[in-house]
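Working notes, beginning with the structure itself.
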Amino acid sequence: MSRVVLLFFLIIGSVGIAFAAGNQDTAGSVSGDAPKEMVVATFHSKKGTPSVDGLFKFKEILEQKTDKIDVQVFFGGTMGGERELVEQVKLGTVHMCIEGWGTKGTYLKKVIPWGVPYLFSSSEEITATIQGKIGQEVSRIFENNGMVWAGEYFRGNRQLTSNMMVRSPEDLKGLKLRLPENPDWIVVWKEFGSLPTPIPSPEVFAALQTGVVDAQENPISSNYDKRLWEVQKYTILTNHIVDLEGYVLSKQYLDGLSPDLRQIVLDSAKEALEWATETSFSNEDTLKADMESKGMEFVKVDLKPFQETALSTMPHFQETWEPWVIDEVRKVVGK
Numbered sequence: 001m002s003r004v005v006l007l008f009f010l011i012i013g014s015v016g017i018a019f020a021a022g023n024q025d026t027a028g029s030v031s032g033d034a035p036k037e038m039v040v041a042t043f044h045s046k047k048g049t050p051s052v053d054g055l056f057k058f059k060e061i062l063e064q065k066t067d068k069i070d071v072q073v074f075f076g077g078t079m080g081g082e083r084e085l086v087e088q089v090k091l092g093t094v095h096m097c098i099e100g101w102g103t104k105g106t107y108l109k110k111v112i113p114w115g116v117p118y119l120f121s122s123s124e125e126i127t128a129t130i131q132g133k134i135g136q137e138v139s140r141i142f143e144n145n146g147m148v149w150a151g152e153y154f155r156g157n158r159q160l161t162s163n164m165m166v167r168s169p170e171d172l173k174g175l176k177l178r179l180p181e182n183p184d185w186i187v188v189w190k191e192f193g194s195l196p197t198p199i200p201s202p203e204v205f206a207a208l209q210t211g212v213v214d215a216q217e218n219p220i221s222s223n224y225d226k227r228l229w230e231v232q233k234y235t236i237l238t239n240h241i242v243d244l245e246g247y248v249l250s251k252q253y254l255d256g257l258s259p260d261l262r263q264i265v266l267d268s269a270k271e272a273l274e275w276a277t278e279t280s281f282s283n284e285d286t287l288k289a290d291m292e293s294k295g296m297e298f299v300k301v302d303l304k305p306f307q308e309t310a311l312s313t314m315p316h317f318q319e320t321w322e323p324w325v326i327d328e329v330r331k332v333v334g335k
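Counting in this note's numbering, the sequence shown runs from 1 upward without gaps.
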């Protein structure tokens with residue numbers, strides 16, 4: 001099954017959970033809605049990447065479907081970092097934003113297994129978990145916190161970047177490593193002997209430039225977006241996490257729309273997520289080649305010792321998760 005089809009089911013499933021009663025329609029059938037502004041935002045820094053451009057794609061798709069909503073896109077952290085944006089979505093002052101691992105660590109840590117390094121090997125495996133009970137619980141938790149989850153898009157695998165050569169887990173000992181604000185990840189990277197430091201995404205470049213941290217980890221698209229070749233020598237191809245981010249919308253904002261218009265918004269979000277996934281996968285080789293031309297060295301490593309070290313922390317996660325989560329994981333990966 002293709003990634004596009006899988007993502008289609010992923011988003012349809014999550015949207016259907018939150019708004020099963022909504023009916024798909026066209027702009028011509030929308031009536032009774034005064035024109036509304038819709039504020040969408042991300043902490044990601046610039047256009048030209050699937051994360052930011054995906055929001056502009058959402059604007060394009062939605063405004064083609066209806067003239068009832070004028071979408072305003074903000075990026076580069078101009079309306080705050082990930083945590084601030086999610087709080088504004090809950091309050092209804094921002095109407096849609098990208099949620100990342102910081103949000104997942106805050107709201108979903110008891111029900112999602114996606115962030116355990118090396119537990120999943122493909123986007124297809126993660127999609128399979130989202131189509132089941134895990135996806136249902138994610139949708140329920142977000143809705144209970146004033147948000148509607150539209151689904152996820154995949155950004156490629158997360159890779160380590162560093163100014164020190166890393167070829168084995170032993171090389172990570174004492175390395176000052178930037179991580180997102182996700183407490184569970186700290187557990188894993190401490191197991192490697194590194195010194196994890198949570199830093200918001202917009203501050204990563206400055207933290208590397210000033211020596212606050214020596215290394216960080218992100219997908220290649222994010223590393224390119226941040227121009228990390230200017231402050232990092234190596235990309236270590238650890239492939240430790242299949243990276244994903246999602247769209248969350250303000251429940252308060254959606255509740256103020258007619259059912260028809262609300263469904264148009266959700267359908268547009270689904271299409272934008274699908275576009276962002278396909279763009280991320282198709283662009284990665286080009287971004288990698290451009291980074292190499294600018295001096296970044298890409299280093300292949302034997303993944304087995306990294307996998308063994310990371311998965312030794314599974315008891316921590318099993319104690320953190322709801323008891324049923326590990327059974328859902330085993331249905332997919334058999335680990």
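Just so you know, even glycine gets a beta-carbon here, dropped at the ideal spot from N, CA and C. All figures in this text were calculated on a predicted structure; none of them were measured in a lab.
Asked                                                                                                : Found
Length of the line joining the Cα atoms of Val213 and Asp243                                         : 22 Å
Rounded separation between Val329 and Pro323 - CA only                                               : 11 Å
Entirely enclosed alpha helix (DSSP H) segments - the stretch 200–232, minimum 4 residues            : 204–209 and 220–225
Ser2 burial status per 10 Å Cβ neighbour count (16 or more: buried)                                  : At Ser2, the pLDDT of 45 sits below 50, so the modelled position is not reliable; the number obtained from the coordinates is stated separately. It is exposed - the Cβ of Ser2 has fewer than 16 other Cβ atoms within 10 Å.
Test item: CB-CB of Lys191 and Gly102 under 7 Å                                                      : According to the sequence as given, residue 191 is Glu; it is not Lys. Their beta carbons are not under 7 Å apart, which means Glu191 does not touch Gly102 by this criterion.
Residue span of the beta strand (DSSP E) that contains Lys300, given as start and end                : Glu297 to Lys300
Environment of Gly105 [buried if 16+ CB atoms lie within 10 Å]                                       : buried
Beta-carbon proximity check, Val40 vs Trp149, cutoff 7 Å                                             : no
Cβ neighbour criterion (16 or more within 10 Å) applied to Gln263                                    : buried
Environment of Ser293 [buried if 16+ CB atoms lie within 10 Å]                                       : exposed
Expected contact under 8 Å - CB spacing of Gln88 and Met79 to nearest Å                              : 7 Å
Cβ-based burial, Asp225 [other Cβ within 10 Å; buried from 16]                                       : buried
Helix, strand or coil at Trp149 according to DSSP, with G and I counted as helix                     : strand
7 Å Cβ cutoff met for Glu82 and Leu160                                                               : no
DSSP beta-bridge partners of Asn157                                                                  : Val242
Secondary structure of Met314, DSSP reduced to three states                                          : helix
Local Cβ density within 10 Å of Asn239, reported as buried at 16 or more and exposed below that      : buried
Neighbourhood of Ile199 by C-beta, 6 Å cutoff - its chain only, sequence neighbours within 5 removed : Arg178 and Ala207
Buried or exposed by the 16-neighbour rule on C-beta atoms within 10 Å, applied to Ser201            : buried
8 Å Cβ shell around Asp47 - same chain, five flanking residues per side excluded                     : Looking at the sequence shown, residue 47 is not Asp but Lys. Closer than 8 Å at Cβ, skipping near neighbours: Asp53, Phe56 and Phe75.
Beta-carbon proximity check, Thr313 vs Val188, cutoff 7 Å                                            : yes
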